[in-house]
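Just so it is clear: in the sequence shown, position 5 is -9 by our numbering, and no numbers are missing. For glycine and all other residues, C-beta sits at the position ideal for the given N, C-alpha and C. From a predicted model like this one, the values you see are computed outputs, not experimental measurements.
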Amino acid sequence: MPATEKIRPPQDHAAQARLAKRAAAEAIGIDDTFISTMVEQFYAAIRADDLLGPIFAERIADWPPHLARMKQFWRSVLHNSGEFSGNPMVKHIAIPGLTEKHFSRWLELFYANLRQLQAEPRAVQLVGDRARMIADSLLTGIAIDRDGIGGAKEGRNLPHV
């Protein structure tokens, strides 16, 4: 490397990577408004769902803070905003009886919500892929916690967007 070329500090590189990820998402319509609308509409469908609604109702009494937290989560996932901190795995492992049917239903509702938003197809694919990855990870973590390493392939049958 020439002596005149500067090495960027790691935090500069990370900040630039975050900005690039956000810019790429926003270029296909995944902006803060999209994420907010997506979360609001999705959780309205969750609350009305016969399978998932009762699970959420048992755990969430005050929806506005939960929705705000989910918006932070999705901005962190889709924009790499870094504003979410928490451990979703621990929260989901603590819910007894979660199985593939629950995560499949969650994804069905999530995908239907994305289609209702009439988003750009690349946005639907990107967000849908991230949702499936999250569902697969959570389901697999629950199965490993419950069944040991034999549960490592638990999410293989989850639906795709």
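Query raised in the report: Do F28 and F70 have their C-beta atoms within less than 8 Å of each other?
Result: no
Report task. Determine the direct distance from the alpha carbon of D48 to that of I120, and round the result to whole angstroms. Result -> 24 Å
Query raised in the report: Does the beta-carbon of N143 have 16 or more other beta-carbons within 10 angstroms, so that it is buried, or is it exposed?
Result: exposed
Query raised in the report: Is there contact here, the region 55 to 75 with the region -1 to 11, by at least three beta-carbon pairs under 8 Å?
Result: yes
**Report entry** Segment limits, alpha helix (DSSP H) that includes H148
**Finding:** There is simply no residue 148 to check, as the chain begins at -13 and stops at 147 in what is shown.
Requested in this report: Could you name the residues of the same chain whose beta carbon sits closer than 8 Å to that of A43, not counting the 5 residues immediately before and after it, in chain order?
Outcome: R33
Query raised in the report: So, are the CB atoms of E94 and P145 less than 8 Å apart?
Result: yes
**Report entry** Contact under 8 Å by Cβ, V25 with M75
**Finding:** no
Query raised in the report: To which residues of the same chain is L38 closer than 8 Å at the C-beta, ignoring the five residues directly before and after it?
Result: I32, H88, R91, W92 and L95
Query raised in the report: Residue range of the alpha helix (DSSP H) that R33 falls in?
Result: D18 to A34
**Report entry** Q102, DSSP secondary structure in three states
**Finding:** helix
Requested in this report: Examine the Cβ distances between the region 75 to 84 and the region 124 to 141 and report whether three or more of them are shorter than 8 Å.
Outcome: yes
**Report entry** Burial state of N99, where buried means 16 or more other Cβ atoms lie within 10 Å
**Finding:** buried
Requested in this report: Using three-state DSSP, classify F70 as helix, strand or coil.
Outcome: coil
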